[in-house]
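Comments concern the structure below.
There are 4 protein chains.
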Amino acid sequence: MNDQSKLWGGRFSQPTHILMEQFSQSVSFDHRLYKQDIAGSIAHARMLSRNGVISETEFNDIECGLNEILAEIERGDFQWSESMEDVHMNIEFALTQKIGEAGKKLHTGRSRNDQVATDVRLYLREELDVVGALLTLVQKALVELAAQHTDTIMPGFTHMQSAQPVTFGHHVLAWNEMFQRDYERLQDCRKRVNISPLGCAALAGTSYPVDREMTAKELEFDTVALNSLDAVSDRDFVIEFNAAGALVMMHLSRIAEELVLWSSPAFDFVDLGDQFCTGSSIMPQKKNPDVAEITRGKSGRVTGNLMSLLMIMKGQPLTYNRDNQEDKEPLFDTIDTMQLTLQIFAAMVPTIGVKTDNMLSAAAAGYSTATDLADYLVRKQIPFRDAHEIVGNVVAYAVEKRIDLPAVGLDQLKIFSAAIEEDVFRVLELQGSVESRNHIGGTAPDRVREAVDNARKLLDAREVYPV
Amino acid sequence: MNDQSKLWGGRFSQPTHILMEQFSQSVSFDHRLYKQDIAGSIAHARMLSRNGVISETEFNDIECGLNEILAEIERGDFQWSESMEDVHMNIEFALTQKIGEAGKKLHTGRSRNDQVATDVRLYLREELDVVGALLTLVQKALVELAAQHTDTIMPGFTHMQSAQPVTFGHHVLAWNEMFQRDYERLQDCRKRVNISPLGCAALAGTSYPVDREMTAKELEFDTVALNSLDAVSDRDFVIEFNAAGALVMMHLSRIAEELVLWSSPAFDFVDLGDQFCTGSSIMPQKKNPDVAEITRGKSGRVTGNLMSLLMIMKGQPLTYNRDNQEDKEPLFDTIDTMQLTLQIFAAMVPTIGVKTDNMLSAAAAGYSTATDLADYLVRKQIPFRDAHEIVGNVVAYAVEKRIDLPAVGLDQLKIFSAAIEEDVFRVLELQGSVESRNHIGGTAPDRVREAVDNARKLLDAREVYPV
Amino acid sequence: MNDQSKLWGGRFSQPTHILMEQFSQSVSFDHRLYKQDIAGSIAHARMLSRNGVISETEFNDIECGLNEILAEIERGDFQWSESMEDVHMNIEFALTQKIGEAGKKLHTGRSRNDQVATDVRLYLREELDVVGALLTLVQKALVELAAQHTDTIMPGFTHMQSAQPVTFGHHVLAWNEMFQRDYERLQDCRKRVNISPLGCAALAGTSYPVDREMTAKELEFDTVALNSLDAVSDRDFVIEFNAAGALVMMHLSRIAEELVLWSSPAFDFVDLGDQFCTGSSIMPQKKNPDVAEITRGKSGRVTGNLMSLLMIMKGQPLTYNRDNQEDKEPLFDTIDTMQLTLQIFAAMVPTIGVKTDNMLSAAAAGYSTATDLADYLVRKQIPFRDAHEIVGNVVAYAVEKRIDLPAVGLDQLKIFSAAIEEDVFRVLELQGSVESRNHIGGTAPDRVREAVDNARKLLDAREVYPV
Amino acid sequence: MNDQSKLWGGRFSQPTHILMEQFSQSVSFDHRLYKQDIAGSIAHARMLSRNGVISETEFNDIECGLNEILAEIERGDFQWSESMEDVHMNIEFALTQKIGEAGKKLHTGRSRNDQVATDVRLYLREELDVVGALLTLVQKALVELAAQHTDTIMPGFTHMQSAQPVTFGHHVLAWNEMFQRDYERLQDCRKRVNISPLGCAALAGTSYPVDREMTAKELEFDTVALNSLDAVSDRDFVIEFNAAGALVMMHLSRIAEELVLWSSPAFDFVDLGDQFCTGSSIMPQKKNPDVAEITRGKSGRVTGNLMSLLMIMKGQPLTYNRDNQEDKEPLFDTIDTMQLTLQIFAAMVPTIGVKTDNMLSAAAAGYSTATDLADYLVRKQIPFRDAHEIVGNVVAYAVEKRIDLPAVGLDQLKIFSAAIEEDVFRVLELQGSVESRNHIGGTAPDRVREAVDNARKLLDAREVYPV
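Below you can see the structure in the form of structure tokens.
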């Protein structure tokens, strides 16, 4: 195809510079919108024919032609051309080649500005639903892992140090809570994605008799955009989705960090399936938690995309500017990164082997029931802050002697506080400690079982996109 | 106060390094949480006394003492001390000084980890509501400005070039749509802010008989956090709010850009009130749109805060780590920046003077009805893409002759296309063009009036926080 | 190839998960390092043979084999395999297929950790030199444009408003200064790129007798990395380069903004060649400054990459972690984006048509010699701040009367200040104003000519990579 | 002071809005530039008097008055006023109050645009030198720590897993290398900071006879900015410094991560001085590595500032726009954060207690000499990749038997490879392993001692700013 055929070439006396084509084309990345582009075009054409702007025959030709193109693309037989700039021009040109005059009428009453906004919204709606389904898979895997470990005791950490004993099931459910929020946040975001800009044309609407509700309904949009200038220049939905994605990836990076730590010899709490690890070319004994490490890295990537998007939109006057074309690659990269990472987590979580003995002995070693001792003293009527000081002295003593709290012995304990009696040993035990935190959100095994049940119900009730 | 009195000092043999106090203190910025800290403490103490952990007298002493401290702080009589680290320690220490032993019991069954999470959530909930109220003020000012200009014709721009005539009211309503989304996004965010972590203690919950629903209800939280480990380590709500804030500021930066352009001599579309402009020390004729420029700059600031927050949380193992302390300054800065900028926009928008003549002549000059000519040809049965090419030739001719489209004349127009007839001149006029885009979201004055009415209803129905 | 043949597979009992291969592979993007990987391997093998670790025959086989592979890759005949993970494994496996046992010895005394660091440094060094050459091309184009316009008067802007008359040549040289700094910054960065990590092996160095200076010299590194642990975990050079790239793109975005403004009808100062613009599918009269708009957008992209990289490295313990693999795509994207954008600017700058008349009349219209009037008064012994106030009154009067400063007339001027005399009209003229700013860095045409000469000398003296 | 007295108020008929003053003022943060502002004013005034623009008496009055103001500010007696906007106006107004007419002449031939650029460059130059001095202090502390541990064996980590034994001194020197690069990068940055914009006035230079070299020399600038338009709009030096700062903080975050890990019970490699740790209000046994955690958090902050700055400058047309005012708070915050963090590291590093026994046993436990075994086999003529596989089998065997490599025993080893002989045990020992990596950059104690010596020389030769 030569430049003469550029659809906007009428006014131009000089051909496009060779670099320009490479620089300004988007088809190399936006061709993935082909399905949405075709669906949008068919809806638009049907509406045009319903409203008498084109004839029914013309519509039938357009629909047929577009469906043929769809099949060609999906078979891999379609020739994408960079000189045709973008997915829209490529398809429209092919349509006109195929069906002649009627093809030239398809673009009546719309513009690439509302067309691309429609395509991206349709595309993102579907991918967002896929993300939702993948989040659900990961959550289900986590809840089942938690269900197996409602009574498994491990150290709970603050400042990377053993603080109080908790159950592993409780810890895994903390991860589930993160994704629960992510899921809800994405559902909220979806409301602002699923709005139809179609019919807003270049910026001001169109003088053709368009029926925007009709196309919106056919394309399963919830509603139509209420202002044409805003509709063609708005990329909030891309940014909001990416911000939600940055949170998903941040959560994955936190879990990843824990898996890296826990699978290291220093902790040795879990064993990740061989299928998700790699070795080293020079150190054959290593089993590297690659999925976790790469996930940590990928969290930077998605945050970088978010920054790109905000910076692209910053200070742009209305309405459409070509800067906006740069929204697609960060968005697509975020979608791909999130989906692949969630997919691999869904597969990996069930392979996590839990070394319950190591968890238990780590919990036992870290004076992790010191708080329980303080609480015990408070129940003996010692003010909290005083109890705190007494326990501090007990721990300092135990650290110095390199012994555990129960090993301090009643006589010595009584020197620190006369209020301490025989019954103290029950609170110094891990099992007792864990069971005592028995309120909503607490780590007691009964509460964790309850939380597992509630989470299962919530997840089962969720209607998810089939993946 | 010496180090011996540090509330966690029991185990330590060496005093805190002088730099350490400066480095790790947060009271210089978190003292602004005092109101929420006190409210949270009173709710917690009331619950403790209800559940028999402390006596009613003790609760009364605590409540009284805290209310006295509140009054002192608000009078400016309270001495904040950096060696006391944070707002929580400062207040608790003062309480114990004031009421003795009972003060030491206040911290029973909680930790600074759930305390700070509670305080920040309460604080952010209120500030978010203030932002909502300010958004409403800005939106109302915009809708009233639009109401005055439903028929004012201006050029609509794409690629910073005149594209099609639109009405100024329509353009201003595009701004309103941005803030409408912001408002709804913040309401969605609020659901995830307004959740009570109180009672989750350090990380695992507590062995005291706490009633988390009771404190949540007293503090007007919607619900309680369901997992203690998550509750003390979650900062999603801070990030989600900041992401919403980055969008608000991005929108303001886009409007700001337009105000800078439009108040420049090159456009001369609007006049910003003297009250919101400054002059130059060396060029006395200048009237600088400072508010708009600074606003553009401030959009960078809030996006920077978002970056900070995501990076702070990245790769953090559960549960609480001191890194989290760094969440406050970006959050507070985002709140302050948003609120001040929205406030000044609410005051500035009504001072925008609109130069309708300049807008009109700019619209007339830019071949902005070329699309209408193309649409005209299509209605004469010329396929869209062919019509496009004809119009391209007409425009090229007019540009070369340096004349406007109507000035091309019927004879010459007929050379470009025999389908053109006398009735073409109606579509080449601005008024006709604007009126013809008469569908939902279109720029026709009737539609803009309708949109103004709808927006007014929506805004009037909104329940907003009093500011 | 099955999993058994994974080079690190010895210890593993389960095959890699199908998703894992996709998730952890890097060959789809790091294959572009093939040339550097092969050069590094040949240098390493030659050193091994020189030091007796492998035989000369083995080295010859390796060199031959690698050169054959190089040729295959460049002919497009090489089969890259994702199951082989990365460029290094792909090439090494192919080598062993080709030459047998000797191939298995190539990896002696090195690791993928120092290998990939070496490859990326070699690759970046070359691409950085290409960027330097492209910057030089852009600078030369700018300096020649400036040379043509040393006397072309235009308004100088502050706050987007006409402030004082300047010459267009002076303005274009301001752009040149930005790139001059970029060039120097990249040269400084190059010193920290061009350091050899080869021989640092996995992290600790190697027990083989390696000669790191020898390989460094063969690969034209300036020096060797001084600490093996640092050498394999350092990605500063990637980040520093990307930060320099973010500045280059920010500069391009500022120029782009000016080109968008100046080519808009509101300014109409320049005409960008048709070759670098596109049209609109619905508005045939538009000539969109796409290159400039896309460039603005791309500045967000490169800053996003910088953010990704900083976040990836944040909080990583030494030494190599797999997170680092995520450094490549942002780096490659930054390189590609910068190079393509600079290339297109180098081609576009000479096509910029300057509308000198429009520039001149804009300068005449904006009271841009007000400062000169103030300076005139100061020379008449009126204190600067008083002079400022007088001129402010004169301008307010002229604005009200809608006349230019010279049109105010001597009688009226004398009412504002008795010190004003007949000679005032010389300073109110644009030409006189511009000529009077005659010091280093000033806008006087003589100074601009001098600056053009200096810039030409600097650029001619620059040794640049052939592109 | 009322609005009439605003230095640019001449043309304005309406007073500044109350919010506007708060919104646009910068004195609340830019007052810290007072010293530089006064130094710049004195240099400028001296030059004006030398060139006959003001009299010597006037200069003397100005110099005296400014020095008095300087003293007042440093005594805390100066009243800063927000209605005076910025540091420049505050000082100039006070000067005129003090010395009358001569004060009004100070601003002759300059503008706030070149004035603020001069002030910030002078300020940053000094703070950059302070950062350089603090980096030197940290580096010296690290080198001395390394000097004490040239022979201390610890596990070297990749993927958070023990990989090969290294010396602790070698690891600490890896940290030193990071800061060495930071120091050099900042020195390169300094060249681009230390350039004088003074005399460029508002944007175009000035018609007064200014001697820019003279003021540059008095203020110890290396050179003068070569283009006035660029000089007043350039903020590259702020961004380049902040990018260097983001790297410094990223390095500190990596070290911080290691200190957090190593001081945790899971590793127990180091003990941080009590002076730099805090306790917990509910868990008295904890000793939290607060400095390290907060440092990790603060790395996000400085990267956020970098993001803000790049976004502020993105797409700004030349020359000065008020957006630029927003550069100061991120810059100041970055300076403060870096300096405080480096200061506290300089103090904390010497308090790091090293638990050499724990390091040694961790190194012994992790099969960390597996690579040495592979190397041994290669020396016995087994191709590297085959050796790798053999060692993999040996390790898998040892892991299964839960024994260390030496414990596998010669008979069993011979089953894996007949090439293994009695001398194998020397290479399986940690000491032998470490000593064998004896080349530049390797971990052998002799090499580490050499590296310590070289680092000491480099640091001693450094001329640093006194702090």
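Chains as they are written, first to last, in the numbering used here: chain F, 32 to 498; chain L, 32 to 498; chain Z, 32 to 498; chain U, 32 to 498. Just so you know, even glycine gets a beta-carbon here, dropped at the ideal spot from N, CA and C.
Boundaries around U/PHE188 are those of the beta strand (DSSP E), 184-189, since no alpha helix (DSSP H) includes it. Annotation for Z/THR139: LEU79, VAL84, ILE85, TYR239 place their beta carbon closer than 8 Å to its own, counting only its chain and skipping 5 residues before and after. For Z/ARG433 and Z/GLY397, the gap between their C-alpha atoms comes out near 11 Å. Legend: CB atoms of the stretch 326-355 of chain Z lying less than 8 Å from CB atoms of chain U belong to residues ARG327, SER330, GLY331, THR334, LEU337, MET338, LEU341, MET342, MET344, LYS345, GLY346, GLN347, PRO348, LEU349, THR350, TYR351, ASN352, ARG353.
Contact of F/LEU292 with chain U is assigned, a C-beta pair being separated by under 8 Å. Per DSSP, the unbroken alpha helix (DSSP H) holding F/PRO361 starts and ends at 359-379.
In its chain, beyond the 5 residues on either side, GLY96 have a beta carbon closer than 6 Å to the beta carbon of L/LYS129. The Cβ-Cβ distance between U/ALA377 and U/ALA235 does not fall below 8 Å. Of the candidates L/GLU481, L/ILE286, L/GLY276, L/LEU490, L/GLY276 places its Cα closest to the Cα of L/GLU158.
In the DSSP secondary-structure assignment, L/PRO196 is bridged to L/PRO186. About 4 Å separates the CB atoms of Z/GLU324 and F/ARG353; that is less than 8 Å, so the two are in contact. Contacts with chain Z at 8 Å (Cβ-Cβ) include L/HIS190. Scanning chain Z for C-beta atoms nearer than 8 Å to the C-beta of F/GLN53 yields LEU371, reported in chain order. Annotation: F/HIS75 has no Cβ neighbours in chain Z at a cutoff of 9 Å; minimum Cβ distance is about 14 Å. For Z/GLY473, the secondary structure class from DSSP, reduced to helix, strand or coil, is coil.
Distance between L/GLY310 and Z/THR400, taken at the CA atoms: about 16 Å.
Sequence-distant Cβ neighbours of F/HIS282 in its own chain, meaning closer than 8 Å and more than five residues away, are TRP206, MET209, PHE210, ASP213. Excluding the 5 residues flanking it on each side, F/ARG221 has same chain C-beta neighbours closer than 6 Å at LEU159, in chain order. Annotation for F/GLN356: SER57 place their beta carbon closer than 7 Å to its own, counting only its chain and skipping 5 residues before and after. Pairing Z/VAL241 with Z/GLY71, the inter-Cα distance amounts to about 14 Å.
Of the residues assessed, U/LEU341 falls on the buried side of the cut-off, its CB having 16 or more other CB atoms within 10 angstroms. Chain-ordered, the chain Z residues with CB closer than 7 Å to the CB of F/ASN319 read ARG353. Put simply, of F/ARG63, F/LEU137, F/ASN144 the residue whose alpha carbon is nearest the alpha carbon of F/ILE104 is F/ARG63. Taking 8 Å as the cut-off, the beta carbon of U/SER464 is found no closer than this to the beta carbon of U/ILE421. A buried status is given to Z/ASN225, since no fewer than 16 other beta-carbon atoms sit within 10 Å of its beta-carbon.
About 56 Å separates the CB atoms of U/PRO228 and U/ALA394; that is not less than 8 Å, and the two are not in contact. Remark: C-beta atoms of L/GLU123 and L/GLY131 do not approach each other more closely than 8 Å. In the three-state scheme derived from DSSP, where H, G and I count as helix and E and B as strand, F/ASN319 is classed as strand. Contact between F/VAL425 and F/VAL409 does not hold, since the beta-carbon distance rounds to 15 Å and is not under 8 Å. Residues of the stretch 439-472 of chain F that bring their beta carbon within less than 7 Å of a beta carbon in chain L comprise SER467, ARG468, HIS470, ILE471, GLY472, in sequence order. If you draw a straight line from the Cα of Z/HIS75 to the Cα of Z/ILE270, it is about 27 Å long. Scanning chain Z for C-beta atoms nearer than 7 Å to the C-beta of L/GLY397 yields PRO296, reported in chain order. Contact annotation: the stretch 286-306 of chain F does not touch the stretch 260-269 of chain F, with fewer than three C-beta pairs closer than 8 Å.
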